[in-house]
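Everything below concerns the one structure shown next.
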């Protein structure tokens, strides 16, 4: 019975992580999400990646989002 619980918990953790990643990526793409919130999301994702590295496809998506966020920060910085 313990093995069944371990497998069930692992499945729940995978589903929870998938939902979090999907939600995070949507927020990173959303123009209405503040730059500060996007930076916080990126920090959390980088922390997760350092513990359990993402696959190359997801790393590419996150790198692209990080570059877009840095570009947005530069544009906002010039407008002040």
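Numbering (UniProt numbering), first residue to last: 1 to 80. Cβ coordinates follow ideal geometry from the N, Cα and C atoms, glycine included.
Task: Sequence ranges, alpha helix (DSSP H) only - wholly within the segment 2-53, length at least 4 - done: Here the runs fully enclosed are 2-29, 35-51.
- [ ] Mind reading off the beta-carbon distance from residue 24 to residue 45? Whole number of angstroms is fine, and I expect it under 8 Å.
- [x] Taking the chain shown and counting its residues from 1, one reaches residue 24 at position 24. Taking the chain shown and counting its residues from 1, one reaches residue 45 at position 45. Residue 24 to residue 45, Cβ: 6 Å. Contact.
Task: Integer Cβ distance of residue 21 from residue 42, believed to fall under 8 Å - done: The sequence position of residue 21 within the chain shown is 21, counting from 1. The sequence position of residue 42 within the chain shown is 42, counting from 1. With 8 Å as the limit, residue 21 and residue 42 do not qualify as a contact, their Cβ atoms being about 12 Å apart.
Open item on the list: Considering only their Cβ atoms, is the gap separating residue 35 from residue 72 smaller than 7 Å?
Closed with: Your numbering for residue 72 matches position 72 in the chain shown. Your numbering for residue 35 matches position 35 in the chain shown. Result yes, Cβ atoms of residue 72 and residue 35 sit closer than 7 Å.
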